[in-house]
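Residue numbers (the numbering used here): 19 to 269.
Here is the structure we will look at, set down as structure tokens.
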Ligand SMILES: [Zn+2]
């Protein structure tokens, strides 16, 4: 089984076709929520497609638009749905879309979600765009280890830190044409890797939209760079997923 550990297929039209394309390629889909609306939509998708896994969370830029009360009430909502989710996410810090002045507020929001992940004993999927070192430092200070750094674009010194911390990194399908992610594969032990599409974004051939069936492109690159047959990569990553997401617990 191939696993797309991070997608936003709720943003796509024709979701049932997207899911059947993935099924045909033996790809398991995980969808990550980004705001109040998408959290509800992906719960609906999960209801109709039990083989799909979901995470609930609030993207850092969206969290900045909410009051503290609204964030707390969404956290309560996630707690109520804890048995339906495999992780908390997508949450994190973002200094590309947001000004540096918002960093403290973003950290405050992120710490609420880390606290939630701790309480539920689930992994947390972290977005860290243009705030990579701030994000790692802050997460280290919160003392939680079930961390997945999604589409991590920080420098290789930071990648080493992630490896030292024994966190996971997800290789996006854009690796096909990205020297940065190819190098991440090279320097990271396979035990710390998972794959993702971030559908509809990060298409392997820079098209739009991307979809989970394409996650195989990430597997191909890992196979090529690490010189391990793709069947074996598939097995190892399935094992990584089972260990990290406590998959057996839900099936
Ligand atoms: Zn995402």
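For each residue, glycine too, the CB sits at the ideal point set by N, CA and C.
Values in this document were obtained by computation on a predicted structure and should not be read as measured data.
task: Let me know if residue 108 comes out buried or exposed under the rule of 16 or more other beta-carbons within 10 Å of its beta-carbon.
output: By one-based count along the chain shown, residue 108 stands at place 90. The residue is buried, with at least 16 neighbouring Cβ atoms inside 10 Å.
- request: Assign residue 32 to buried or exposed, taking buried as 16 or more other Cβ atoms, counted over all protein chains shown, within 10 Å of its Cβ.
  value: One-based indexing of the chain shown puts residue 32 at position 14. Flag for residue 32 reads exposed.
- request: Mind checking who residue 46 pairs with in its DSSP beta bridge?
  value: Position 28 of the chain shown holds residue 46. Paired residues: 21.
Residue environment, residue 247, which counts as buried when at least 16 other CB atoms sit within 10 Å: For the purposes of this step, residue 247 is identified with residue 229 of the chain shown, where counting begins at 1. It counts as exposed.
query: Start and end of the beta strand (DSSP E) containing residue 213?
result: Translated into positions along the chain shown, residue 213 becomes position 195. That run of the beta strand (DSSP E) goes 211-214.
field: the stretch 69-83 touching the stretch 44-52, judged by at least three CB pairs closer than 8 Å
entry: yes
- request: Give me the Cβ distance between residue 187 and residue 163, rounded to the nearest whole Å; I'm assuming they're in contact under 8 Å.
  value: Here residue 187 is taken as the residue at index 169 of the chain shown, counted from 1. Here residue 163 is taken as the residue at index 145 of the chain shown, counted from 1. Going by Cβ atoms, the distance from residue 187 to residue 163 rounds to 14 Å, so no, they are not a contact pair.
- prompt: The beta strand (DSSP E) with residue 104 in it runs from where to where?
  reply: On the chain shown, position 86 is the one that residue 104 refers to. Residue 104 -> beta strand (DSSP E) spans 103-110.
query: Ends of the alpha helix (DSSP H) at residue 78?
result: Numbered from its first residue, the chain shown carries residue 78 at position 60. Secondary structure note for residue 78: its alpha helix (DSSP H) is the uninterrupted segment 78-81.
Beta carbon of residue 147 nearer than 8 Å to that of residue 112: On the chain shown, position 129 is the one that residue 147 refers to. On the chain shown, position 94 is the one that residue 112 refers to. Yes; because the gap between Cβ atoms is below 8 Å, this pair is in contact.
message: Any heavy atom of ligand 1 inside 7 Å of the beta-carbon of residue 50?
response: Counting from 1 along the chain shown, the entry for residue 50 is found at position 32. Within the cutoff, so yes.
message: Let me check understanding here. Comparing Cα to Cα, which of 216, 207, 125, 124 lies closest to residue 169?
response: Residue mapping note: residue 169 aligns to position 151 of the chain shown, counting from 1. It is 216.
message: Taking the beta carbon of residue 101 as the centre, do at least 16 other beta carbons fall within 10 Å, making it buried, or is it exposed?
response: Numbered from 1 along the chain shown, position 83 holds the residue referred to as residue 101. It is exposed - the Cβ of residue 101 has fewer than 16 other Cβ atoms within 10 Å.
message: Based on DSSP bridge pairs, tell me the residues matched to residue 188.
response: Stepping through the chain shown from its first residue, residue 188 is reached at position 170. Beta-bridge pairing links residue 188 to 168, 212.
message: Check this for me: beta carbons of residue 151 and residue 176, under 8 Å apart or not?
response: If you number the chain shown from 1, residue 151 lands on position 133. If you number the chain shown from 1, residue 176 lands on position 158. Yes; because the gap between Cβ atoms is below 8 Å, this pair is in contact.
task: Return the Cβ separation of residue 228 and residue 218 in integer angstroms, given the expectation that the two are a contact with Cβ distance under 8 Å.
output: As a first step, residue 228 must be located in the chain shown, where it is residue number 210. As a first step, residue 218 must be located in the chain shown, where it is residue number 200. Indeed, because the Cβ distance is near 5 Å, the residues count as touching under 8 Å.
query: Closer than 8 Å, CB to CB, is residue 40 near chain C or not?
result: In summary, chain C is missing from the structure at hand, where a single protein chain is found.
message: So, for residue 114: in the same chain, excluding its five sequence neighbours on each side, which residues have a beta-carbon less than 6 Å away from its beta-carbon?
response: Reading the chain shown from its first residue, position 96 is the one you call residue 114. Taken in chain order, the residues that qualify are 147, 148.
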